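Q: Structure below; questions to follow.
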Amino acid sequence: MIEDDVYRASSQYRYWSYTKESLARIRQNTNDLASERVRAAFHRAHTAHPAHSSNSHNAVSAGDADADAMEIDVDVDVETLTVDEELKIVEWGCSKIMEMGEAMNPRIPSHIVATAIQYLRRFYLTNSPMTYHPKQIMTCALYLATKADHFYISLAKFVAELANLSEDDVKAPEFLLLQGLRFTLDVRHPMKGLAGGHIEMNVMADEGRLGDISKATGSAKRIGTAADHAKRLLATAAQMTDAYFLYTPSQIWLAAMMVADRELVQIYLHNKLSELSSNEATTSLQQKLMSTISACASLLESYRSPKDDASQRKEIKRIGKKLTVCQNPEKMDIVAVARAKAAEKRGGKDSDVGKALKKRKLERDMMDKDGDVFGPDLRNVPGSGED
Amino acid sequence: MDEEDSVGANKCPVCGSDPRTHPGLRFKINTKCYHRICEGCVDRHFSSGKAECPVGGCHVSLWKREWRTQTFEDLKIEREVEIRRRVTKILDRREEEFETKRDYDDFLELREELVMNLVFRTDVAATNRKLKEYAQANGIKTDPTDGPEPGAKAPRRKDMAPDAADQSGLIKGLKRIVIPEAKAPYDPFMGMPRTREYYEVKESYITRVRGKPAEAMLAGGYDFAQYMDESLLRAFAGLGVFIEDEMSARDNTAIPVPGPT
Ligand SMILES: [Zn+2]
Ligand SMILES: [Zn+2]
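In order, the protein sequences belong to chains A and B.
Numbering-wise (UniProt numbering), the first sequence opens with residue 1 and increments by one.
Numbering-wise (UniProt numbering), the second sequence opens with residue 1 and increments by one.
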């Protein structure tokens, strides 16, 4: 279908859609790498101040260093976060973003908060909370989302709304975050689709195309209630789960409707698809669609807010404590690094002029070489078409 | 022409005015019979439309606008230049249009021959006929006064190939006409279809949105149809995209970049 190809052209499909397995594999991989780094960092920190333990050893020979390393490694083995714990921490960051958005004056619209949350989730696919704590990233994610989705707040105003935060705290991780997002800022949300679907359901009911559900049986009220419920789900459950990675926005809003009113979605989809054309292809599409949407719906239903669950709150607290222990000790202070870079740019101007020119030339050459800065042909988007 | 010269080059052959007695007297000529008369006579004879040349014995009929000031002192030159101008205007071909240099040279020779025919009044009728045929076949307007009758189709000779550059067959060795393939109009969507399959924005939908517009929609120029289209596109873009299937079909071993590398 043409609309499907429109979605296939989006960066959300091309870069941020995964199967359950690949999602798990990527997270495991990120976790492994980060854990390794944390251990290595702890080990180095230990050998740097060996004062009491292995002073004599080091003095004797450098050749023994490797053997030492093994020994010490065992000594300082830190307990790192597991994939699940990392995920919990990220979810905690997401809920914080939501709170920030609500507390802000003017209140940040929910679709922008949702964008920020998706930024955070995408970022932590390839970065571990052990490397960068979510509280360093989340304000930046929210601020970036306001910029990307045309809800202008000045940085000064934004910072004033948040306690204990400097402008640099918000600004500094921006490039890091963009890098983690692979410079794709477009997030396709299901909310707008829900609005369109809501209207279509109403129209179909009015025209008697929704079977038993018609104006006479109070369709508007029923659909309205379901849509409200779905809207709430999209703002919470859809953000706090992996729905965006696993399903398309159309499937997500239909799933949210299904959680609210299963029968309504069934009748609606059945009637809509058979109106399109009634051949075998549509029946198989319909079956497949129903099973996919049901799967998405159960994913949405599985979400429990930590607010109304004491054990989850406790769990978060435990992970938070664990994280303060296993946070990578070498991890630089993002703000300090950004400041140093800015200072470097301002200072050493004279010596850097030649270098800067050279760099610019190099960049230009690169640009010439790869004329593909705007991405592939619309038509030839991989995955579109027959496959 | 010749008798004029002997009688007194500067007198008007019609009214007899002489520039020596009438300072500022100006003469005009025409390119049909090349008689030269004074401006006053032109005004007198041609103000009321087409008339015969007033010079004795000449019956060429002319319009007033056909009289013009002389460019060259020598009327013979004036006439030859005029003929050349007319012939080259009709036989107007550039070297690139010919298959070979030889063909172009042949064309130049042919043109020169036709010009000289007219200049020396040999074969005038045949030469003029050739030119006229050529002009008609190639859609060239020769004389605005007696151009081809409106609606007259350019005569096409049966033995000529339809893509021959000169349908009258006068000029040989022209390159065939290659009609360039029509370029499709520019399509910013690069061939992506703009129709929709899952939905159609019907009037009933638009009325529905118009019923309870949000605040932003009350702004002037707000297009409800556009809003509806966007909402419905968002609602169904990707409905039939099953990520589980499509992503596992794609090579997902490269971590962490599942997209095209
Ligand atoms: Zn006169
Ligand atoms: Zn005359």
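Every residue, glycine too, gets a C-beta built ideally from N, C-alpha and C.
Computed from a predicted structure; not experimentally measured.
Let me see if you follow: with CB-CB separation under 8 Å, is Arg-234(B) close to chain A or not?
A: At least one chain A Cβ lies under 8 Å of Arg-234(B).
Q: For the segment 201–283 of chain A, list the alpha helix (DSSP H) runs that are entirely contained and at least 4 residues long, ordered along the chain.
A: Correct list: 219–235, 237–240, 243–246, 249–260, 262–276.
Q: Whole angstroms are fine: how far does the CA of Tyr-7(A) sit from the CA of Met-1(A)?
A: Approximately 10 Å between the Cα atoms of the pair.
Q: Checking contacts by CB at 8 Å: is Asp-261(A) closer than that to chain B?
A: Taking Cβ atoms only, chain B never reaches closer than 8 Å to Asp-261(A), which makes this a no.
Q: Around ligand 2, which residues pass a check of Cβ closer than 6 Å to any of its heavy atoms?
A: Working through the chain, the matches are Cys-33(B), His-35(B), Cys-53(B), Val-55(B), Cys-58(B), Val-60(B).
Q: Quick check on the DSSP output: what are the complete beta strand (DSSP E) runs of length 3 or more inside the segment 287–342 of chain A, in order along the chain?
A: Those beta strand (DSSP E) runs which fall completely within the segment 287–342 of chain A and span 3+ residues do not exist here.
Q: What are the residues of the segment 177–198 of chain B that lie near chain A, defined by any Cβ-Cβ distance shorter than 9 Å?
A: The segment 177–198 of chain B vs chain A, Cβ under 9 Å: Phe-189, Met-190, Gly-191, Met-192, Pro-193, Arg-194, Thr-195, Arg-196, Glu-197, Tyr-198.
Q: By alpha-carbon positions, which one of Gly-56(B), Ile-243(B), Ser-47(B), Lys-202(B) ends up nearest to Gln-226(B)?
A: Closest by alpha carbon: Lys-202(B).
Q: Ignore the nearest five residues each way along the sequence and tell me which others in Asp-168(A)'s own chain have a CB closer than 8 Å to its CB.
A: Contacts found: Val-335, Ala-338, Arg-339.
Q: Residues bridged to Lys-28(B) by DSSP?
A: Answer is Ile-37(B).
Q: From Ile-83(B) to Ala-137(B), what distance separates their C-alpha atoms?
A: The alpha-carbon atoms of Ile-83(B) and Ala-137(B) are separated by roughly 20 Å.
Q: In whole angstroms, give me the CA-to-CA distance for Glu-344(A) and Met-247(B).
A: For Glu-344(A) and Met-247(B), the distance between alpha carbons rounds to 44 Å.
Q: Is the CB-CB distance between Tyr-198(B) and Phe-242(B) below 8 Å?
A: It is not a contact, given that the beta carbons lie outside the stated cut-off.
Q: May I have a chain-ordered list of the alpha helix (DSSP H) segments no shorter than 4 residues that lie completely inside the segment 115–139 of chain B?
A: Segments of the alpha helix (DSSP H) lying fully in the segment 115–139 of chain B: 124–137.
Q: Rank Ala-164(B), Gly-173(B), Glu-181(B) by C-alpha distance to the C-alpha of Leu-108(B) and give the top, closest one.
A: Of Ala-164(B), Gly-173(B), Glu-181(B), the residue nearest in Cα terms is Gly-173(B).
Q: Determine contact between the segment 216–232 of chain A and the segment 80–98 of chain A, defined as no fewer than three beta-carbon pairs at a distance below 8 Å.
A: No contact exists between the segment 216–232 of chain A and the segment 80–98 of chain A.
Q: On the criterion of 16 or more Cβ atoms from any shown chain inside 10 Å, does Ile-108(A) qualify as buried, or is it exposed?
A: Looking at its Cβ environment, which holds 16 or more other Cβ atoms inside 10 Å, Ile-108(A) is buried.
Q: Would DSSP call Ala-9(A) helix, strand or coil?
A: If DSSP states are grouped into helix, strand and coil, Ala-9(A) belongs with coil.
Q: Please list, in chain order, the chain A residues whose beta carbon lies closer than 8 Å to that of Glu-244(B).
A: What Glu-244(B) touches in chain A: Thr-19, Lys-20, Leu-246, Thr-292.
Q: If we call anything under 8 Å between Cβ atoms a contact, is Glu-161(A) one with Asn-105(A)?
A: It is a contact, given that the beta carbons lie within the stated cut-off.
Q: Against chain A, which members of the segment 204–237 of chain B pass a CB distance test of less than 8 Å?
A: Hits within the stretch, in order: Ser-204, Tyr-205, Arg-208, Val-209, Met-228, Glu-230, Ser-231, Leu-232, Leu-233, Arg-234, Ala-235, Phe-236, Ala-237.
Q: Taking only beta-carbon positions, decide if Glu-13(A) is within less than 8 Å of chain B.
A: It is Tyr, not Glu, that sits at residue 13(A) in the sequence shown. Interface residue, yes.
Q: Let me check you understand the geometry: is the CB of Val-14(B) closer than 7 Å to at least one non-hydrogen atom of ligand 1?
A: Yes, the beta carbon of Val-14(B) sits closer than 7 Å to at least one heavy atom of ligand 1.
Q: Confirm the yes/no value for this check: CB of Ile-37(B), any heavy atom of ligand 1, distance under 7 Å.
A: For ligand 1, at least one heavy atom lies less than 7 Å from the Cβ of Ile-37(B).
Q: Name the DSSP bridge partner or partners of Phe-98(B)?
A: DSSP lists Leu-174(B) as partners of Phe-98(B).
Q: The alpha helix (DSSP H) with Cys-140(A) in it runs from where to where?
A: It spans 134–148 - the alpha helix (DSSP H) in which Cys-140(A) sits, taken as one unbroken run.
Q: For Ala-252(A), is the classification buried or exposed, using 16 other Cβ atoms within 10 angstroms of its Cβ as the cut-off for buried?
A: Per the sequence shown, residue 252(A) should be read as Ile rather than Ala. By the neighbour-count rule (16 or more Cβ atoms within 10 Å), Ile-252(A) is buried.
Q: Tell me whether Arg-122(A) sits in a helix, a strand or coil according to DSSP, three-state version.
A: The answer is helix: DSSP assigns Arg-122(A) an H, G or I state.
Q: Just the C-alpha distance for Ala-227(A) and Met-138(A), rounded to the nearest angstrom, thanks.
A: When rounded, the distance between both Cα atoms is 29 Å.
Q: List, in chain order, every chain B residue whose beta-carbon is nearer than 9 Å to that of Gln-251(A).
A: Here the neighbours are Gly-238, Leu-239, Val-241, Phe-242, Ile-243.
Q: Ligand 1 and Lys-17(B): does the residue's C-beta get closer than 7 Å to at least one heavy atom of that ligand?
A: The residue asked about is misnamed: residue 17(B) is Ser in this sequence, not Lys. Yes - ligand 1 has a heavy atom lying nearer than 7 Å to the Cβ of Ser-17(B).
Q: Tell me whether Gly-40(B) counts as near ligand 1, meaning its Cβ is closer than 7 Å to at least one heavy atom of that ligand.
A: It does: the Cβ of Gly-40(B) is within 7 Å (strictly closer) of some heavy atom of ligand 1.
Q: Using the beta-carbon of each residue, which ones in chain B are nearer than 8 Å to Asn-202(A)?
A: Those are Arg-208, listed as they occur along chain B.
Q: Among Thr-100(B), Ala-249(B), Arg-234(B), which one has its Cα closest to the Cα of Asp-4(A)?
A: For Asp-4(A), the nearest C-alpha among the options comes from Arg-234(B).
Q: For Pro-19(B), collect the residues of the same chain with a Cβ closer than 6 Å to its Cβ; drop the 5 residues on either side in sequence, then sort them by chain order.
A: Excluding residues within five positions, the ones whose Cβ falls inside 6 Å are Asn-10, Leu-25.
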